[in-house]
Amino acid sequence: MNKDDIWDVSDFLSRYTTKSAVSESPVVKFNEYSNNDSLGFLNDEDTFCTSHNFDERLLYLNQELTLFGYSSIFKNNNSTNKNNIRENLDLFQLVNCTYELLKRQHQQIRAKDELEEKQIRSESDHEFLIQSQSRLKQDLENLRREAALSTIRENDQASKYRALFQEMKNEREEKRKLKSDLDHIKNQCQHELKRMENEKTKLQTKVHQLLNDRTQEKKVSMEVLNPLQRGDGRRSTWKSTTGKKNEEDMYKLIISNYEEKEKTLLLENHALREFLQDILNMLLMNTSQSSQTENIEEEKQFQMPIHLVKNDLKNKFYSAIETIRAENKTQGKEDNDLQSKLESCQSIISAQEKLIQNLKDGNSKEAFEKILLNFGNENDLAGNLAQEKQLHERNKAFIEEQKRFTEYVLKIEKEKEEFEKERVEFYMSCLSTPALNKGLHGKVSKSESLRLAQPSFSSAPRTPKVHTPSTADLYKYMSLAYDKKENINGNTNHRSITHDGSFTSYDVQESPSVKKLQQHADNVRKAVEVRHNKSTDDDKRIISYL
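Each residue of the sequence shown is one higher than the last, beginning at 1414 in the numbering used here.
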């Protein structure tokens, strides 16, 4: 071997077995920490391999490499002599192992860089996700707010939709009604057109008939005697062009005359319609049954065809005439009644004049009495009947007032009992309080007496005499009608005519219903007086006890 091929092993180991300046991988750190016990003696030294411990380091490297799965760096692994270590050393295997270790170191550095990049990316992704989460939360809140607003808007739109739907429904109803009215008018117009067409066809047929009759009457014809026949057997024809023109002029003239007649008839018909409408309005105004809506409907009816409205108009005219006749009959009855009353008054006046004249002439007393009796029999029958009716009505009114009176008296008695109970309770409460006892014995000051005088009611009067109200006051208090002309004592004054013409009054006994009412009023008055006296006695006893 040349000298150049011989190289220093220690130089190689010092060059390639020192610590790398690159940051250590976690695997290397783990191995270092795991082998701290085995390499505890090396931690204090600065260099790993020296000339003194070269063999030991080789053995250590061989051991570690075999542990990591690499092949041994010695040629003969079984030799353990220290002298043969350097000879058995396989440099190629050592270089390959160092290369593999360097390669693994680079891979671990790359993996570390990738992991750091992944960690940075994951951290950035994490921050991005946090930001996106916060943004999404804000978006969620905004969306919820918008959803609430949208629900409110939806409710508003729903209410508007309902209102619009109702309006549309109403418009559809109106449209349907208008359509039905238009269909009705259209049908009427079609009926009118058909009727006009039928009339037109009838008129045309009549015109043709008239023309045919006139032409047959006034037709002047020429007959050809002994005509020469043609060779082809045909007959020659007359050539006249003026006949068609004359016929057209005649048709135009007839149609124009009919149109003028139709216009005059329409004007007359319109005037008659207005006249009938005015008459009907006047009749309805007289009967006081018309209104604006009825007038509008009548105007529409008068504009319609007569065959459709004929029966309605007849009924209206007949009803108006019947109402006028009924009013005239009632007025005639009233006039007859007034006339009969006037005649009766005139007969009474004439009879009175006769009586006065007889008195002046000085007729006998017997004749005067006969006349007076006849006068009373004839004229007092209606008055007696009227008086009996009035008495019957008054009896009914008295019975109703009696019922009201009894109900009101019972109501007053109940209220009075309640009032007396409250008054007794108040006096008992006053007895239980010492301040009131002092006030009653005159030992309380003026302020206390004023303070105790708060109740708005007062005790019954202490005078023994009680003023009983009259029937008029009692009726007035009960809001009942009281007739001052009637006497409560039961006597009514009736007047009669004396022989000398003066009037004298005489007493007539009352009816039993009036007596019953009077007795009932007396009983009620007595009961009220007894109750009132009893209340005054109770008040006196309570005051004496106090």
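Note that beta-carbon positions come from the ideal geometry of N, C-alpha and C, so glycine has one too. In this text the structure is predicted, and so the values were computed from the model without any measurement.
Inset, instruction - Could you tell me how far apart the beta carbons of Phe-1715 and Gln-1690 are, in whole angstroms, since I believe they sit closer than 8 Å? - result: Locating residue 1715 in the sequence shown gives position 302, counting from the first residue. Locating residue 1690 in the sequence shown gives position 277, counting from the first residue. About 5 Å separates the two Cβ atoms, so the contact holds.
Legend entry - Cβ separation of Ala-1739 and Leu-1696, assumed to be a contact under 8 Å, to the nearest whole Å: For this step, residue 1739 is matched to residue 326 along the sequence shown. For this step, residue 1696 is matched to residue 283 along the sequence shown. Not confirmed; about 13 Å, so no contact.
Inset, instruction - Return the CA-CA distance between Ala-1799 and Asp-1725, expressed in angstroms with no decimal places. - result: Indexing the sequence shown from 1 puts residue 1799 at position 386. Indexing the sequence shown from 1 puts residue 1725 at position 312. So the two alpha carbons sit approximately 48 Å from each other.
Inset, instruction - Could you name the residues of the same chain whose beta carbon sits closer than 8 Å to that of Gln-1705, not counting the 5 residues immediately before and after it, in chain order? - result: The residue you call residue 1705 lines up with position 292 of the sequence shown. With a pLDDT of 49 at Gln-1705, under the threshold of 50, the modelled position of this residue cannot be trusted, and the question is left open.
Inset, instruction - Select from Ala-1524, Ser-1485 and Arg-1523 the residue whose C-alpha is nearest the C-alpha of Cys-1510. - result: Here residue 1510 corresponds to residue number 97 of the sequence shown, with the count starting at 1. Measuring from the Cα of Cys-1510, the nearest candidate turns out to be Ser-1485.
Legend entry - Paired residues, beta bridge with Phe-1487 - DSSP: As a working note, residue 1487 is residue 74 in the sequence shown. In DSSP, Phe-1487 forms a bridge with Leu-1502.
Inset, instruction - Please confirm if the stretch 1495–1504 is in contact with the stretch 1470–1486, defined as three or more CB-CB distances below 8 Å between the two stretches. - result: yes
Legend entry - Beta-carbon contacts of Asn-1475 that lie in its chain and below 7 Å, excluding the five residues immediately before and after: As a working note, residue 1475 is residue 62 in the sequence shown. Cβ within range, chain order: Ser-1485, Ile-1486 and Phe-1487.
Legend entry - Extent of the continuous alpha helix (DSSP H) run through Phe-1467: The residue you call residue 1467 lines up with position 54 of the sequence shown. Run containing Phe-1467: 1467–1480, per the alpha helix (DSSP H) assignment.
Legend entry - Short Cβ contact (9 Å threshold) for Phe-1467 with Arg-1499: In the sequence shown, the residue the question calls residue 1467 occupies position 54. In the sequence shown, the residue the question calls residue 1499 occupies position 86. Yes, the Cβ-Cβ distance between Phe-1467 and Arg-1499 is below 9 Å.
Inset, instruction - Rounded to whole angstroms, what's the CA-CA distance from Tyr-1574 to Asp-1594? Just pull it up for me. - result: For the purposes of this step, residue 1574 is identified with residue 161 of the sequence shown, where counting begins at 1. For the purposes of this step, residue 1594 is identified with residue 181 of the sequence shown, where counting begins at 1. Rounded to the nearest angstrom, the two C-alpha atoms are 29 Å apart.
Inset, instruction - Classify Phe-1916 as helix, strand or coil using the three-state DSSP reduction. - result: Within the sequence shown, numbered from 1, the residue matching residue 1916 stands at position 503. Here the model assigns Phe-1916 a pLDDT of 39, short of 50, so the residue's position is not dependable, and the following value carries that caveat. Three-state DSSP puts Phe-1916 in a strand.
Inset, instruction - To the nearest angstrom, report how far apart Arg-1585 and Asp-1596 are at their CA atoms. - result: Working through the sequence shown from its first residue, we reach residue 1585 at position 172. Working through the sequence shown from its first residue, we reach residue 1596 at position 183. So the two alpha carbons sit approximately 16 Å from each other.
Inset, instruction - Could you check which residue in Gln-1744, Glu-1605 and Glu-1831 has the C-alpha nearest to that of His-1720? - result: Counting from 1 along the sequence shown, the entry for residue 1720 is found at position 307. It is Glu-1605 whose Cα lies nearest to the Cα of His-1720.
Legend entry - Unbroken stretches of the beta strand (DSSP E), 3 residues or longer, contained in the stretch 1505–1585: none
Inset, instruction - Could you tell me if Phe-1818 is buried or exposed, where buried requires 16 or more neighbouring beta carbons within 10 angstroms of its beta carbon? - result: Working through the sequence shown from its first residue, we reach residue 1818 at position 405. With 16 or more other Cβ atoms within 10 Å, it is buried.
Inset, instruction - Drop a sphere of 10 angstroms on the beta-carbon of Arg-1548, count the other beta-carbons inside from all chains shown, and report buried for 16 or more, exposed for fewer. - result: Along the sequence shown, one-based indexing puts residue 1548 at 135. The residue in question, Arg-1548, is exposed, as its Cβ has fewer than 16 Cβ neighbours within 10 Å.
Inset, instruction - Pull up the distance between the alpha-carbon of Glu-1540 and that of Ala-1561, whole angstroms please. - result: As a first step, residue 1540 is located in the sequence shown; it is residue number 127 there, counting from the start. As a first step, residue 1561 is located in the sequence shown; it is residue number 148 there, counting from the start. If you take the alpha carbons of Glu-1540 and Ala-1561, they lie about 31 Å apart.
Legend entry - Classification of Cys-1758 by the beta-carbon crowding that lies within 10 angstroms, buried from 16 upward: Reading the sequence shown from its first residue, position 345 is the one you call residue 1758. Its Cβ having fewer than 16 others within 10 Å, Cys-1758 is exposed.
Inset, instruction - Counting only the same chain and skipping the five closest in sequence on each side, list residues whose C-beta sits under 7 Å from that of Ile-1667. - result: Position 254 of the sequence shown, counting from 1, holds the residue named residue 1667. Answer for Ile-1667: Val-1620, listed in chain order.
Inset, instruction - Count the other C-beta atoms from every protein chain shown that fall within 10 angstroms of the C-beta of Leu-1556, then say buried if there are 16 or more, exposed otherwise. - result: Here residue 1556 refers to the residue found at position 143 when the sequence shown is read from its first residue. Under this definition Leu-1556 is an exposed residue.
Inset, instruction - Answer with buried or exposed for Arg-1836, where buried requires no fewer than 16 other C-beta atoms within 10 angstroms of its C-beta. - result: As a working mapping, residue 1836 is identified with position 423 in the sequence shown. Buried, because 16 or more other Cβ atoms sit within 10 Å of the Cβ of Arg-1836.
Legend entry - Residue environment, Leu-1478, which counts as buried when at least 16 other CB atoms sit within 10 Å: As a working mapping, residue 1478 is identified with position 65 in the sequence shown. Leu-1478 is buried by the Cβ-count criterion.
Legend entry - Backbone CA spacing between Glu-1469 and Asp-1526 [nearest angstrom]: Residue numbering aside, residue 1469 sits at position 56 when the sequence shown is read from its first letter. Residue numbering aside, residue 1526 sits at position 113 when the sequence shown is read from its first letter. Rounded to whole angstroms, Glu-1469 to Asp-1526 spans 35 Å at the Cα level.
Legend entry - Cβ-Cβ separation, Leu-1685 to Phe-1730 (assumed contact under 8 Å), whole Å: Within the sequence shown, numbered from 1, the residue matching residue 1730 stands at position 317. Within the sequence shown, numbered from 1, the residue matching residue 1685 stands at position 272. Rounded, the Cβ-Cβ distance is 14 Å, inconsistent with contact.
Inset, instruction - With a threshold of 16 other CB atoms inside 10 Å of the CB of Leu-1507, please say whether the residue is buried or exposed. - result: In the sequence shown, residue 1507 corresponds to position 94, counting from 1. That one is buried.
Inset, instruction - Drop a sphere of 10 angstroms on the beta-carbon of Leu-1471, count the other beta-carbons inside from all chains shown, and report buried for 16 or more, exposed for fewer. - result: In the sequence shown, counting from the first residue as 1, residue 1471 sits at position 58. Leu-1471 comes out buried.
Legend entry - Distance CB(Leu-1616)-CB(Tyr-1664) smaller than 9 Å: Position 203 of the sequence shown, counted from the first residue, corresponds to residue 1616. Position 251 of the sequence shown, counted from the first residue, corresponds to residue 1664. Contact flag unset, no.
Inset, instruction - From the DSSP output, in three-state form, read off Phe-1832 for me. - result: Position 419 of the sequence shown, counted from the first residue, corresponds to residue 1832. Phe-1832 falls in the helix class under three-state DSSP.
Inset, instruction - May I ask you to report which of helix, strand or coil DSSP gives Leu-1853? - result: The count along the sequence shown starts at 1 and reaches residue 1853 at position 440. Bear in mind that a pLDDT of 44 at Leu-1853, under 50, signals an unreliable position, so the model cannot answer this.
Legend entry - Inter-residue Cα distance where the pair is Gln-1551 and Glu-1580: As a position in the sequence shown, residue 1551 is number 138, starting the count at 1. As a position in the sequence shown, residue 1580 is number 167, starting the count at 1. Approximately 42 Å between the Cα atoms of the pair.
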